Amino acid sequence: LFTPLGPREISGLLPRGGTILRTTRTNPFKVDGGVEKVLANFEREGFDSLVAIGGEDTLGVAARLYEEHGFPVVGVPKTIDNDLSATDYTFGFDTAVSVATEAIDRLHTTAESHNRVMVVEVMGRHTGWIAVVAGIAGGADMILIPEQPVSIEDACKELRHRHERGKDFSIVVVSEGYELEGMSEAKDVDQFGHIRLSERGVGTALAHEIEARTGYETRVTVLGHVQRGGSPTPRDRVLATRYGLKAADLVEEKRFGRMAALHGDEIVDVPLAEATVEIKTVPAGWWAVAQAFFG
Numbered sequence: 011l012f013t014p015l016g017p018r019e020i021s022g023l024l025p026r027g028g029t030i031l032r033t034t035r036t037n038p039f040k041v042d043g044g045v046e047k048v049l050a051n052f053e054r055e056g057f058d059s060l061v062a063i064g065g066e067d068t069l070g071v072a073a074r075l076y077e078e079h080g081f082p083v084v085g086v087p088k089t090i091d092n093d094l095s096a097t098d099y100t101f102g103f104d105t106a107v108s109v110a111t112e113a114i115d116r117l118h119t120t121a122e123s124h125n126r127v128m129v130v131e132v133m134g135r136h137t138g139w140i141a142v143v144a145g146i147a148g149g150a151d152m153i154l155i156p157e158q159p160v161s162i163e164d165a166c167k168e169l170r171h172r173h174e175r176g177k178d179f180s181i182v183v184v185s186e187g188y189e190l191e192g193m194s195e196a197k198d199v200d201q202f203g204h205i206r207l208s209e210r211g212v213g214t215a216l217a218h219e220i221e222a223r224t225g226y227e228t229r230v231t232v233l234g235h236v237q238r239g240g241s242p243t244p245r246d247r248v249l250a251t252r253y254g255l256k257a258a259d260l261v262e263e264k265r266f267g268r269m270a271a272l273h274g275d276e277i278v279d280v281p282l283a284e285a286t287v288e289i290k291t292v293p294a295g296w297w298a299v300a301q302a303f304f305g
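In terms of this note's numbering, the sequence shown is residues 11 to 305.
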């Protein structure tokens, strides 16, 4: 069952989060006959093109469909992780950062009043973009990301130094994909081979280690999927609109195998394959800014 989307159907969508199109974690290349079914359904319904909206997994599938089957597809970069290498920003990221920053702001008051260490776990499977940007914006005292491993003992040493200087509370922001030494890995994976990070509980494990090693009362807040919902920020609304217009142009011009991207302040298009060739990690410059406020 398909619903045509004209001006009337999409009116009023800008302030809504999520997707009226619905979504799936199915990888057709991992399902017997999955790709053949995609191609057959596409032809049966008489579609002329597909706009793939998503992150590395969605766009990776789209790139393979184009390269291996000549599938008429264009891409739009959407992921809160902001880890696609071919674009400066993905839409969804700014909203997630805003949610995380507000949470950090709110946790400052309870951390200070109770002299606690507050561990805030944010999303970020491979990269620490949300943790770094929200952590800096929210004035976190320590930020832990996958790209820059810090031993638990070194982290605790920094917290002890804060206490020695009379700073009796701390905010620690950690990415869900951060590798904490000694943690056992979750076994459950999806069709893209990704561990279900909600089962790892890195924030909870980190809070336990901090309290055990320092004696400081420590609490954890796991923001989870609240970062992915709600009304998008103005920046995300505008960016998504610009990406959508570029994708429509690519379809009209039959320039398939391309993806809309942001370079500087300009919306351009790049090969779909470039979007997923590597993960865009947090560079050293951003990490240096974060470190400047540690302790």
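Each residue gets a CB set at the ideal place from its N, CA and C atoms; glycine is no exception.
Note that the structure is predicted; figures quoted are calculated from it, not measured.
Rounded distance between the beta-carbons of residue j and residue i, thought under 8 Å
i: Asp-104; j: Thr-243; result: 5 Å
i: Gly-138; j: Ser-185; result: 4 Å
i: Ala-110; j: Leu-233; result: 6 Å
i: Glu-55; j: Phe-12; result: 7 Å
i: Val-292; j: Glu-157; result: 5 Å
i: Leu-249; j: Tyr-99; result: 7 Å
i: Val-183; j: Ile-114; result: 7 Å
i: Ala-300; j: Ile-153; result: 5 Å
Cα-Cα separation, residue i to residue j
i: Thr-36; j: Arg-223; result: 42 Å
i: Val-130; j: Gly-225; result: 19 Å
i: Gly-22; j: His-235; result: 23 Å
i: Ile-140; j: Ile-90; result: 8 Å
i: Val-132; j: Ala-215; result: 14 Å
i: Ala-270; j: Val-278; result: 6 Å
i: Leu-255; j: Trp-296; result: 31 Å
i: Lys-177; j: Arg-170; result: 9 Å
i: Phe-81; j: Arg-252; result: 24 Å
i: Arg-116; j: Gly-16; result: 41 Å
i: Gly-240; j: Ser-108; result: 11 Å
i: Val-86; j: His-136; result: 20 Å
i: Thr-33; j: Thr-120; result: 37 Å
i: Ser-161; j: Ala-217; result: 14 Å
i: Gly-148; j: Val-71; result: 36 Å
i: Gly-44; j: Thr-29; result: 23 Å
i: Gln-237; j: Ala-258; result: 28 Å
i: Glu-288; j: His-79; result: 22 Å
i: Leu-207; j: Thr-97; result: At Leu-207 the pLDDT is 47, less than 50, meaning the model places this residue with poor confidence and gives no usable figure here.
i: Cys-166; j: Phe-57; result: 57 Å
i: Ile-155; j: Leu-49; result: 40 Å
i: Leu-272; j: Arg-26; result: 22 Å
i: Arg-245; j: Gly-145; result: 19 Å
i: Ala-298; j: Glu-122; result: 26 Å
i: Thr-231; j: Phe-101; result: 25 Å
Contact set for residue i: own chain, Cβ-Cβ below 8 Å, skip 5 residues either direction
i: Arg-74; result: Phe-39
i: Glu-163; result: Arg-223
i: Glu-2; result: As displayed, the chain neither begins before 11 nor continues past 305, which places residue 2 out of reach and without an answer.
i: Ser-194; result: In this prediction, Ser-194 has a pLDDT of 48, which is less than 50 and means its spatial position is unreliable; what the coordinates show is noted afterwards. Excluding positions up to five away in sequence, the list is empty.
i: Leu-69; result: Ala-62, Gly-85, Pro-87, Leu-94, Met-269, Leu-282, Ala-285 and Thr-286
Cβ-based burial, residue i [other Cβ within 10 Å; buried from 16]
i: Pro-159; result: exposed
i: Thr-286; result: buried
i: Ala-294; result: exposed
i: Lys-290; result: buried
i: Gly-187; result: buried
i: Ile-20; result: exposed
i: Leu-31; result: exposed
i: Gly-274; result: exposed
i: Val-212; result: buried
Proximal residues to residue i (C-beta, below 6 Å), its chain only, five neighbours per side dropped
i: Val-127; result: Ser-180, Ile-220, Tyr-226 and Thr-228
i: Asp-151; result: Ser-180 and Ile-181
i: Gly-65; result: Thr-89
i: Leu-24; result: Arg-247
Nonlocal neighbours in the same chain, by C-beta distance under 7 Å from residue i, ignoring five residues either side
i: Tyr-76; result: Val-83, Phe-266, Gly-267 and Leu-282
i: Val-143; result: Val-107
Cβ-heavy atom distance, residue i to the ligand COA, below 7 Å
i: Leu-117; result: The ligand COA is not among the ligands present in this structure, which contains no ligands whatsoever.
Contained beta strand (DSSP E) runs [length at least 3] in the stretch 57 to 113, N- to C-terminal order: 60 to 64 and 83 to 87
Jot down the residue ranges of each uninterrupted alpha helix (DSSP H) in the stretch 199 to 276, minimum 4 residues, whole runs only, in chain order. 212 to 224 and 244 to 262
Restricting to runs no shorter than 4 residues, where is the alpha helix (DSSP H) found entirely within the stretch 127 to 155? 139 to 147
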